[in-house]
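Colleague: Protein chains in written order, with UniProt numbering: chain A, 1 to 339; chain B, 1 to 373. Below is the structure I would like to discuss, written out as structure tokens.
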């Protein structure tokens, strides 16, 4: 098995999809000669020609709207939004058309297309370059929402997304683009699309994470193990469809759960997960389901992002509050209220 | 580029100074037909007249159905029949049409069952007709978004080596939307075979054109994007047919997109739920009544001996049959299955949607049981 970066794995996935299916097209801003600002489309125009991978005018609604028409016309567009926050001009196209066309045509016209979005922080990016925008998409029926945490998953989930009959928002954690790891890109070891993966087994509590939070959760589990606490780490891989089964099985076994997300917490994907877990695992839970998230603030500047992003310590603090002892958790009680 | 060729390029993109017109408001041919355009054959004009009469009857019937509560809402096409019929007659069956919610007459002209055309407006959750079979996209409710889809479809047709064309229908208000401009720009850059057909009916609900744009005409929005443009009298069916035939031929030949603005008028309110007296005067409406597209074409065809009393009598009968069939279709209660709401969100419902479908099925069964008990 070769060591590859997530960026290389994504590039290979696009390459293999272009090679295998002539309906696949790659387009967006700077994806041609430049190979994308993150080089994910590096060399695709050179190797597959302008007809298969091409630059568009700088207009995100235009890119997604064009992709809708081309998917209707029989192609399988894979478009790149340059950064998370730069995808917002396309939101009407995504929410009103990409997500709804199959439904409003009573299943007669599906839109097999992929919207790739580099997202989330941790790279010292300036404003509008580090948003965690997954909740907007996950909240929109008709979209599938994917976020890989490993290079191997990046490859296979992108291949799955391109082959999917439905539109997929493919969120790429940009801080993981350059992490290098062993990855099987030739034969599939990755779980099927729609299934979560247990990245580390543990008996004391379950950490549910996705995308950029998975390595942080794994580091926290490593640290906890040194103190004798065994944390299980579940990597969701796809937010939609959501794999209730894997999460529920794990939490019923461990009896404790912390959801970790980089995005701001209020009304986020983590809130949905926490609610689903308590609805399904109530009688197995020894403690409330906790969330470890970013704060409810606009994404901070590079020099302050360390204060915002959930790190190992914030996760371990939450684990400490999972009532392993008889001490009640007083953290969220209003002042003056006795525990 | 030399000054001479630059001037030629600019001239080639600009619209005529005044709207192209073949037939005056009184139905008489204008003196000196417009340069560069050919009058359509009389057979085409007769067919256009037939479709416009049928479209007008469909429109009045649909409005009547709103008053009887058989239709939730209806945005009328009255006054815009020359545009909507002209658009469809300019296309081949294998071309694609991307209509708005106001373009019901275009859909009826395309041959879609009038009852299916009104599926969404009578309160269903889907567009009714089969967009793939009819090559008519679902009527678009958001403004200008479908113009990009038309551009994408046109680009698909071009890439497949087919000589098909896509036409996007759009109103005057929607030319202020960003998606309209992005579509023109993309289409020009890719030389996509798409025709953007603006029905400028003077009002975006209540807001008049002067509040929408300071451009001399909406057709001038083309040149900034490098899109060839034209303007036409939208109540002169002969001119609409001639200009659209030329635009479609231009796109089909691989010369790139064309923007056509038709100057017309929305004779009725925005929808049956709107009150047009709050924002426009009766005198203005009366002035446009004199420019009625259906009467104008009738007068012109009669003056050419191409339409007889027997023709119009037969056509009236055909129109009444259409209206009767529409009434019958709309008076039959449509059956909506609530459980189908889960079926087409994705190609295969997610486990969560299956769960929710089952929950709703149980709720409905319990309600039925309670009724029976």
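Even for Gly, the Cβ is constructed at its ideal location relative to N, Cα and C.
#1: Tell me whether residue 197(B) sits in a helix, a strand or coil according to DSSP, three-state version.
#2: Which partner residues does residue 400(A) have in the DSSP bridge list?
#3: Buried or exposed: residue 96(B), going by 16 or more other Cβ atoms within 10 Å of its Cβ?
#4: I'd like to confirm the pairing. Which residues does DSSP put opposite residue 294(A) in its beta bridges?
#5: Just to confirm, are residue 207(A) and residue 234(A) a CB contact at a threshold of 9 Å?
#6: By the criterion of Cβ-Cβ separation under 9 Å, what are the contact partners of residue 165(A) in chain B?
#7: For a contact defined as C-beta to C-beta under 7 Å, what are the partners of residue 92(A) on chain B?
#8: For a cutoff of 9 Å on Cβ pairs, would you count residue 151(B) as touching chain A?
#9: Within its chain, find whatever has a CB closer than 6 Å to the CB of residue 200(B); leave out the 5 residues flanking it on each side and keep chain order.
#10: Could you spell out the range, first to last residue, of the beta strand (DSSP E) harbouring residue 96(B)?
#11: Does the segment 117-129 of chain B come into contact with the segment 95-115 of chain A, if we say contact requires no fewer than three beta-carbon pairs (one atom in each stretch) closer than 8 Å?
#12: How would you write the range of the beta strand (DSSP E) that residue 119(A) sits in, first residue to last?
#13: Among the residues of its own chain, which have a CB less than 6 Å from the CB of residue 278(A), if the five just before and after it don't count?
#14: Would you decide whether residue 64(A) is buried or exposed? Buried here means 16 or more other CB atoms lie within 10 Å of its CB.
#15: List the residues of chain A that residue 431(B) touches, going by C-beta distances under 7 Å, in chain order.
#16: Buried or exposed for residue 282(B), going by 16 or more other Cβ atoms inside 10 Å?
#17: What residues match up with residue 318(B) in a beta bridge as DSSP calls it?
#18: Along the segment 98-127 of chain A, what residues have a CB closer than 8 Å to any CB found in chain B?
#19: Inspect the CB distances between the segment 99-114 of chain B and the segment 86-97 of chain A and report whether three or more fall short of 8 Å.
#20: Determine the contact status of residue 164(B) and residue 193(B), defining contact as a CB-CB distance below 9 Å.
#21: At a cut of 8 Å, does the segment 174-188 of chain B reach the segment 218-236 of chain B through at least three beta carbon pairs?
#22: Please report the straight-line C-alpha distance between residue 150(B) and residue 259(A), rounded to a whole angstrom.
#23: Per DSSP, what kind of secondary structure is residue 286(A) in: helix, strand or coil?
#24: Taking the beta carbon of residue 67(B) as the centre, do at least 16 other beta carbons fall within 10 Å, making it buried, or is it exposed?
#25: What separation, rounded to the nearest whole angstrom, lies between the Cα atoms of residue 213(A) and residue 273(A)?
#26: Rounded to whole angstroms, how far is the Cβ of residue 9(A) from the Cβ of residue 184(A), which I believe are closer than 8 Å?
#27: So what's residue 144(A) in DSSP terms, helix, strand or just coil?
#28: Suppose you measure from the CA of residue 134(A) to the CA of residue 123(A); what does that come to, to the nearest Å?
#29: Taking Cβ-Cβ distances below 7 Å as the criterion, which residues of the segment 185-216 of chain B are in contact with chain A?
#30: Along chain B, which residues have their Cβ under 8 Å away from the Cβ of residue 57(A)?
#31: Can you check the segment 150-198 of chain A for any beta strand (DSSP E) of at least 3 residues that lies completely inside it and give the ranges in chain order?
#32: Identify the continuous alpha helix (DSSP H) that holds residue 156(B) and give its terminal residues.
#33: If you draw a straight line from the C-alpha of residue 113(A) to the C-alpha of residue 173(A), how long is it?
#34: Give a yes or no on contact between the segment 315-331 of chain B and the segment 44-58 of chain B, applying the rule of three or more CB pairs nearer than 8 Å.
#35: Going along chain A in order, which residues have a C-beta closer than 9 Å to the C-beta of residue 351(B)?
#36: Between residue 312(B) and residue 117(B), what straight-line distance do the alpha-carbon atoms span, to the nearest angstrom?
Modeller: Taking the geometry as given:
#1: On the second chain, residue 197(B) is found 197 positions in, with the first residue counted as 1. Three-state result, residue 197(B): strand.
#2: Any answer about residue 400(A) is impossible in this case: the structure gives chain A only from 1 up to 339.
#3: The residue labelled residue 96(B) in the question sits at position 96 within the second chain. The residue in question, residue 96(B), is buried, as its Cβ has 16 or more Cβ neighbours within 10 Å.
#4: In the first chain, residue 294(A) corresponds to position 294, counting from 1. Paired residues: 264(A).
#5: As a working mapping, residue 207(A) is identified with position 207 in the first chain. As a working mapping, residue 234(A) is identified with position 234 in the first chain. Result yes, Cβ atoms of residue 207(A) and residue 234(A) sit closer than 9 Å.
#6: Against the first chain, residue 165(A) aligns to sequence position 165. The contacting residues are 346, 347 and 348.
#7: By one-based count along the first chain, residue 92(A) stands at place 92. Per Cβ cutoff of 7 Å: 142 and 145.
#8: Position 151 of the second chain, counted from the start, is the residue given in the question as residue 151(B). Yes, because at least one Cβ of chain A sits closer than 9 Å to the Cβ of residue 151(B).
#9: Taking the first residue of the second chain as 1, we reach residue 200(B) at position 200. Counting only Cβ-Cβ distances below 6 Å, and skipping sequence neighbours, we find 172, 218, 261 and 263.
#10: Residue mapping note: residue 96(B) aligns to position 96 of the second chain, counting from 1. 96-98 is the extent of the beta strand (DSSP E) around residue 96(B).
#11: yes
#12: As a working mapping, residue 119(A) is identified with position 119 in the first chain. First-last of the beta strand (DSSP E) with residue 119(A): 114-119.
#13: Within the first chain, residue 278(A) is the residue found at index 278, counting from 1. Correct list, in chain order: 289.
#14: Within the first chain, numbered from 1, the residue matching residue 64(A) stands at position 64. Per the 10 Å Cβ criterion, buried.
#15: Since the first and last residues shown for chain B are 1 and 373, residue 431(B) lies out of range.
#16: On the second chain, position 282 is the one that residue 282(B) refers to. Exposed is the call here.
#17: By 1-based counting over the second chain, the position of residue 318(B) is 318. In DSSP, residue 318(B) forms no bridge with anything.
#18: 101, 102, 103, 104, 105, 106, 107, 108, 109 and 110
#19: no
#20: Counting from 1 along the second chain, the entry for residue 164(B) is found at position 164. Counting from 1 along the second chain, the entry for residue 193(B) is found at position 193. Yes, they are a contact pair.
#21: yes
#22: What you label residue 150(B) is simply residue 150 of the second chain in a count that begins at 1. What you label residue 259(A) is simply residue 259 of the first chain in a count that begins at 1. One C-alpha to the other measures close to 43 Å.
#23: Taking the first chain and counting its residues from 1, one reaches residue 286(A) at position 286. If DSSP states are grouped into helix, strand and coil, residue 286(A) belongs with coil.
#24: Start at 1 with the first residue of the second chain, and residue 67(B) comes out as number 67. So residue 67(B) counts as exposed.
#25: For this step, residue 213(A) is matched to residue 213 along the first chain. For this step, residue 273(A) is matched to residue 273 along the first chain. Rounded to the nearest angstrom, the two C-alpha atoms are 14 Å apart.
#26: Position 9 of the first chain, counted from the start, is the residue given in the question as residue 9(A). Position 184 of the first chain, counted from the start, is the residue given in the question as residue 184(A). So it is not a contact: roughly 10 Å between Cβ atoms.
#27: Translated into the one-based positions of the first chain, residue 144(A) becomes position 144. If DSSP states are grouped into helix, strand and coil, residue 144(A) belongs with the strands.
#28: Counting from one through the first chain, the residue named residue 134(A) turns up at place 134. Counting from one through the first chain, the residue named residue 123(A) turns up at place 123. Roughly 18 Å separates the two Cα atoms.
#29: 185, 186 and 189
#30: By one-based count along the first chain, residue 57(A) stands at place 57. Neighbours of residue 57(A) on chain B, chain order: 182, 185, 186 and 189.
#31: 168-173 and 180-182
#32: Along the second chain, one-based indexing puts residue 156(B) at 156. First-last of the alpha helix (DSSP H) with residue 156(B): 145-159.
#33: Residue mapping note: residue 113(A) aligns to position 113 of the first chain, counting from 1. Residue mapping note: residue 173(A) aligns to position 173 of the first chain, counting from 1. If I take the Cα positions, the gap works out to 20 Å.
#34: yes
#35: For the purposes of this step, residue 351(B) is taken as the residue at position 351 of the second chain. The contacting residues are 194, 241, 242, 243, 244 and 245.
#36: Locating residue 312(B) in the second chain gives position 312, counting from the first residue. Locating residue 117(B) in the second chain gives position 117, counting from the first residue. Whole-angstrom Cα-Cα distance: 25 Å.
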